[in-house]
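S.K.: In this note's numbering, the protein residues as written are 1 to 307.
All residues carry an ideal CB built from backbone N, CA and C; glycine is no exception.
Take a look at the following structure, please.
Structure, rendered in structure tokens:
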């Protein structure tokens, strides 16, 4: 019995070690990525300092690098995506959670989530050969005709640009927004819905005034999590954004993002400073994505802990 007890204690200790080691492995990976990116970008950090973030010239020939146009393209395309995906995704999640019959909700949910399994290069090809011509020939002229007084919809329409990249990103992050928002809305206790309807509210009024306000933290967390995906997307955006490091008020103008410039120019980096500047872009993207995902996970944890 004593030998069996000793063996059980050793097994428990070994299992506990494995559990802690598995958890620590991910912390080590994240720390190693940060150290590697910092080390690789150290030359650029020393050369340009913080002005790297707000200077606009990206000229590999003269070894002059500024990330502001790239940050601008990343922010604008991600904002377009989160606005479009948020609007459609929250409405779809509400329908799936409270309005759709069960026989429809399950296959429809599966179909929406299936979009997350489509490779990003497929979205890029679709955007390049289908969406870009539509924007150049139909959507862009229609927007200019109705909203052309705004700087956002002025200038030549190339088909590729910020608007095209934002729409592609919106489609790619739509499954994340819809799936998480649906789960959060479905987690709202039924008695809250019944309380609203018992006061004479219609089903839509109950959803608008009771359910959605109660689920707003979780929905916001879903949007932040989807934003993290949009910020870091590379291949699809590279194929449709136009890849030009300029800042323009028009959504039809070509632009660049932090991820797409790394994908496009990493193999062309012929100098140490050029390579270090690209790695610094990766460091910036890593820190931003980490913070965005940490915020989303914290908000989701808060919601489901309260439930």
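Alpha carbon to alpha carbon, how far is residue 68 from residue 56?
M.R.: One-based indexing of the chain shown puts residue 68 at position 68. One-based indexing of the chain shown puts residue 56 at position 56. In a straight line, the C-alpha of residue 68 is about 5 Å away from that of residue 56.
S.K.: According to the neighbour-count rule (16 or more other Cβ atoms, all chains shown, within 10 Å of its Cβ), is residue 228 buried or exposed?
M.R.: Walking along the chain shown from the start, residue 228 turns up at place 228. With 16 or more Cβ atoms within 10 Å of its Cβ, residue 228 is classed as buried.
S.K.: Would you mind stating whether residue 87 and residue 163 have Cβ atoms separated by less than 7 Å?
M.R.: Reading the chain shown from its first residue, position 87 is the one you call residue 87. Reading the chain shown from its first residue, position 163 is the one you call residue 163. No, the pair does not count as a contact, with Cβ atoms beyond the cut-off.
S.K.: Apart from the five residues just before and just after residue 127, which ones in its own chain have a Cβ nearer than 7 Å to its Cβ?
M.R.: By one-based count along the chain shown, residue 127 stands at place 127. Result list for residue 127: 164, 168, 236, 239 and 240, in chain order.
S.K.: Just to confirm my understanding: we take residue 196, look at its own chain, exclude 5 residues before and 5 after, and list those with CB closer than 6 Å. What are they?
M.R.: In the chain shown, counting from the first residue as 1, residue 196 sits at position 196. Hits under 6 Å: 206 and 210.
S.K.: Tell me which same chain residues have a C-beta within less than 7 Å of the C-beta of residue 309, skipping the five on either side of it?
M.R.: With the chain running from 1 to 307 in the structure shown, residue 309 is simply not present.
S.K.: Do the stretch 216-232 and the stretch 70-79 make contact, defined as three or more Cβ pairs closer than 8 Å?
M.R.: Result yes; three or more Cβ-Cβ pairs closer than 8 Å.
S.K.: Could you check the C-alpha separation between residue 33 and residue 96 for me, to the nearest Å?
M.R.: Within the chain shown, the letter at position 33 stands for residue 33. Within the chain shown, the letter at position 96 stands for residue 96. About 39 Å.
S.K.: Pairs of beta-carbons, one from the stretch 271-285 and one from the stretch 38-51, closer than 8 Å: are there three or more?
M.R.: Touching, per the Cβ criterion.
S.K.: Within the continuous alpha helix (DSSP H) that includes residue 196, where are the two ends?
M.R.: Taking the first residue of the chain shown as 1, we reach residue 196 at position 196. It spans 190-198 - the alpha helix (DSSP H) in which residue 196 sits, taken as one unbroken run.
S.K.: How do the stretch 291-300 and the stretch 219-228 stand: do at least 3 beta-carbon pairs fall below 8 Å, yes or no?
M.R.: Touching, yes.
S.K.: For residue 77, which three-state DSSP category applies?
M.R.: The count along the chain shown starts at 1 and reaches residue 77 at position 77. Three-state DSSP puts residue 77 in a helix.
S.K.: Shortest alpha-carbon distance to residue 58 belongs to which of 153, 137, 258 and 291?
M.R.: Walking along the chain shown from the start, residue 58 turns up at place 58. When only C-alpha atoms are compared, the closest one is 258.
S.K.: Specify the secondary structure class of residue 54 as computed by DSSP and reduced to three states.
M.R.: Along the chain shown, read from residue 1 onward, the residue named residue 54 stands at position 54. Looking at residue 54 - three-state DSSP - the assignment turns out to be coil, as it is neither helix nor strand.
S.K.: Find the nearest neighbour of residue 140 within the set 125, 160 and 98, judged by alpha-carbon distance.
M.R.: In the chain shown, residue 140 corresponds to position 140, counting from 1. Answer by Cα proximity: 160.
S.K.: With DSSP as the reference, label residue 59 as helix, strand or coil.
M.R.: Position 59 of the chain shown, counting from 1, holds the residue named residue 59. Three-state result, residue 59: strand.
S.K.: Look up residue 257 in the DSSP assignment and give the residues it is bridged to.
M.R.: For the purposes of this step, residue 257 is taken as the residue at position 257 of the chain shown. According to DSSP, which records beta bridges pairwise, residue 257 is partnered with nothing at all.
S.K.: Under 7 Å, do residue 85 and residue 177 count as touching if we go by C-beta distance?
M.R.: To locate residue 85, count along the chain shown from 1; it is residue 85. To locate residue 177, count along the chain shown from 1; it is residue 177. Cβ distance < 7 Å, so residue 85 and residue 177 count as in contact.
S.K.: Can you have a look at residue 179 and say buried or exposed, based on whether 16 or more other CB atoms are within 10 angstroms of its CB?
M.R.: Within the chain shown, numbered from 1, the residue matching residue 179 stands at position 179. With 16 or more Cβ atoms within 10 Å of its Cβ, residue 179 is classed as buried.
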